[in-house]
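S.K.: Structure incoming, see below.
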Amino acid sequence: MNWVGGLSSLDGYSSNVSERVQGIASFPSEMGLILNLLFCYFVYEPKNSPQYQNRFFSSRFIATIPSSFGRYFLRTSYLYWMFLLFGVLIVFTGNRISMLALLITFLWRLKQSIQWHSLPSYLPLFFVFPVICLCLGYAIFSSIGVYERSADLFSWKNLDLFSLVWDKIDIATELKSDIGLASKEYDLSWWIRLHKWLFVTKSFYLHPATYLQGLGPGFAGPALDGGLLRIFIEYGFVGIYFFWKFFGSLYRINSQTKAMVIAFALNMIFFDAYLAYKTMSFFLFACGSIYAFQISTNFHRFPRLIPSL
Numbered sequence: 004m005n006w007v008g009g010l011s012s013l014d015g016y017s018s019n020v021s022e023r024v025q026g027i028a029s030f031p032s033e034m035g036l037i038l039n040l041l042f043c044y045f046v047y048e049p050k051n052s053p054q055y056q057n058r059f060f061s062s063r064f065i066a067t068i069p070s071s072f073g074r075y076f077l078r079t080s081y082l083y084w085m086f087l088l089f090g091v092l093i094v095f096t097g098n099r100i101s102m103l104a105l106l107i108t109f110l111w112r113l114k115q116s117i118q119w120h121s122l123p124s125y126l127p128l129f130f131v132f133p134v135i136c137l138c139l140g141y142a143i144f145s146s147i148g149v150y151e152r153s154a155d156l157f158s159w160k161n162l163d164l165f166s167l168v169w170d171k172i173d174i175a176t177e178l179k180s181d182i183g184l185a186s187k188e189y190d191l192s193w194w195i196r197l198h199k200w201l202f203v204t205k206s207f208y209l210h211p212a213t214y215l216q217g218l219g220p221g222f223a224g225p226a227l228d229g230g231l232l233r234i235f236i237e238y239g240f241v242g243i244y245f246f247w248k249f250f251g252s253l254y255r256i257n258s259q260t261k262a263m264v265i266a267f268a269l270n271m272i273f274f275d276a277y278l279a280y281k282t283m284s285f286f287l288f289a290c291g292s293i294y295a296f297q298i299s300t301n302f303h304r305f306p307r308l309i310p311s312l
C-alpha cells in the first residue's frame with residue numbers, strides 16, 4: 004500500500020505534495036478519500052448483512068476470550084479502533100479535509116451506536132475515545148508539516164483575500180498553473196485555490212450566456228482543486244442538476260452509501276474527486292455491491308429503487 008516510506012521517515016509527512024504517502028492512489032488527497040469511503044463501508048454496514056456477521060468483532064477470535072465483559076467491550080469499541088486506524092493512515096496522507104470527513108462520519112455513526120438508556124454503552128466513549136484522541140493528536144503534532152501547514156488555515160486574513168484577488172485577477176489572460184506565493188502570511192493551499200476559484204468564478208459570472216450549460220468541460224484546467232465548484236462552472240445549472248440526481252440516487256440506497264456520499268461531498272470541496280478514476284472505480288463498485296445486496300434482501304423494494312437510479 005506504499006505506507007512503508009511514510010512510516011520509516013522521521014516526520015511521516017512532507018509539506019511537498021509529491022512526497023507524501025499516497026498508497027495505491029494517484030495522489031495523497033485521493034488516498035485520503037479512499038480511506039474515508041472504506042471507513043464508511045465497514046462501520047455503517049447493516050447488521051442484517053452476512054458480511055457484517057462475519058466481521059472481526061463476531062469472529063472465533065472474540066469467542067476465545069473467556070470474559071463476557073471482554074467480548075462485549077471489544078464488540079462495542081470496534082468503531083473506535085477503526086476510527087484510530089483510519090485516522091492515523093489519513094494523517095500520513097496529510098489531507099486535512101479527509102480528516103474532517105472522517106471525524107464527521109465517525110461522530111454520526113457514534114450517535115447511532117450509543118444506546119442512551121444503557122450505561123455500558125457509554126464505557127468505550129469514556130475510556131477508549133480519550134485514548135484514541137490522544138493517539139491521533141500525537142500523530143498530528145508529531146507530523147510537524149501537518150501542524151505548521153494548517154496554522155494559518157482559518158485566519159481572517161485568508162478571507163480578506165477574496166476581495167483582493169477578485170479585483171486584481173484578469174480573466175483576459177490565461178490563469179498560470181504555477182501561482183506563486185506572494186506572502187508567507189497566507190496558507191499556501193488556500194492562496195493557490197483562491198486564485199483558481201475566483202478566476203473561473205469571475206469568468207462564469209461575467210458571461211451570463213453560460214449560466215445554463217456552463218463554460219464547458221476542461222475549462223478549469225487539469226486541477227481546479229474544488230470539485231463542487233468545477234461541476235457548476237463547467238456544466239452550469241443543467242449539469243449540477245444531473246450530478247445531484249445521480250449522487251442523490253446513491254445516497255438513498257442505504258446508510259453505507261449515505262455516509263460515503265457525505266464523505267465524498269466534503270472531499271469534493273477541496274479537490275476534483277469525481278475525476279479521480281481510482282476513487283470513482285471503488286466508490287461505484289461498492290455502491291453496486293451494496294445495491295445488489297439490497298435487492299437480494301429487500302426484493303419488494305426493487306421496483307422503487309430502479310427508477311431512482
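Under the working numbering, read the sequence shown as residues 4 to 312, first letter to last. Just so it is clear, CB atoms sit at the ideal spot from N, CA and C, and this is done for glycine as well.
Where do the N-terminal and C-terminal ends of the alpha helix (DSSP H) with Glu33 fall, by residue?
M.R.: Taken as a continuous stretch (DSSP letters only), the alpha helix (DSSP H) holding Glu33 covers 31-46.
S.K.: Which term fits Trp247, buried or exposed, when burial requires 16 or more other beta carbons within 10 angstroms of its beta carbon?
M.R.: With fewer than 16 Cβ atoms within 10 Å of its Cβ, Trp247 is classed as exposed.
S.K.: For the alpha helix (DSSP H) containing Phe246, list its first residue and its last residue.
M.R.: Its alpha helix (DSSP H) spans residues 230-254.
S.K.: Identify the continuous alpha helix (DSSP H) that holds Val91 and give its terminal residues.
M.R.: Start and end: 81-96.
S.K.: Quick one: using the 10 Å Cβ neighbour count with 16 as the cut-off for buried, is Gly291 buried or exposed?
M.R.: The residue is exposed, with fewer than 16 neighbouring Cβ atoms inside 10 Å.
S.K.: Select from Tyr214, Pro220, Ser192, Gly224 the residue whose C-alpha is nearest the C-alpha of Phe202.
M.R.: Of Tyr214, Pro220, Ser192, Gly224, the residue nearest in Cα terms is Gly224.
S.K.: Among residues of its own chain, excluding the 5 on either side of Ala2, which ones have a beta-carbon nearer than 6 Å to its beta-carbon?
M.R.: Outside the displayed span of the chain (4 to 312) sits residue 2, for which this structure offers no information.
S.K.: Rounded C-beta distance between Leu103 and Ala289? I'm assuming under 8 Å.
M.R.: Their Cβ separation, rounded to whole angstroms, is 21 Å, which puts Leu103 and Ala289 out of contact at 8 Å.
S.K.: Out of Met283, Trp111, Ile117, Leu88, which has the shortest C-alpha to C-alpha gap to Cys138?
M.R.: Minimum Cα distance to Cys138 is reached at Leu88.
S.K.: Tell me which residues share the same chain as Thr300 and place their Cβ nearer than 6 Å to its Cβ, disregarding the 5 neighbours each side in the sequence.
M.R.: Once the five neighbours on either side are set aside, Thr300 has no close Cβ partner at all.
S.K.: In angstroms, rounded to a whole number, what distance separates the CA positions of Ile324 and Leu197?
M.R.: What the structure shows of the chain is the stretch from 4 to 312, and residue 324 is not part of that stretch, so it cannot be assessed.
S.K.: Quick check: Phe267 and Gly229, are their CB atoms within less than 8 Å of each other?
M.R.: Cβ atoms of Phe267 and Gly229: not closer than 8 Å.
S.K.: Compare the C-alpha of Tyr81 against each of Leu92, Asn98, Ile100, Arg112 and name the closest.
M.R.: Considering only alpha carbons, the answer is Arg112.
S.K.: When we look at the beta-carbon of Tyr244 and count the other beta-carbons within 10 Å, is it buried (16 or more) or exposed?
M.R.: Tyr244 should be labelled exposed.
S.K.: Return the residue from the list Trp169, Leu227, Gln115 that minimises the CA-CA distance to Leu209.
M.R.: Nearest C-alpha to Leu209: Trp169.
S.K.: Taking 8 Å as the threshold (C-beta atoms), are Tyr277 and Val264 in contact?
M.R.: No. Outside cutoff.
S.K.: Find out if the Cβ-Cβ distance for the pair Cys43, Thr96 is shorter than 8 Å.
M.R.: Taking 8 Å as the Cβ cut-off, Cys43 and Thr96 do not qualify as a contacting pair.
S.K.: Tell me whether Trp169 counts as near the ligand SAM, meaning its Cβ is closer than 7 Å to at least one heavy atom of that ligand.
M.R.: Ligands displayed in this structure: none; no statement on the ligand SAM is therefore possible.
S.K.: With a threshold of 7 Å on Cβ separation, who are the neighbours of Ile293 within its own chain once the five nearest residues in sequence on each side are excluded?
M.R.: Ile256, Asn257, Gln259, Thr260, listed in sequence order.
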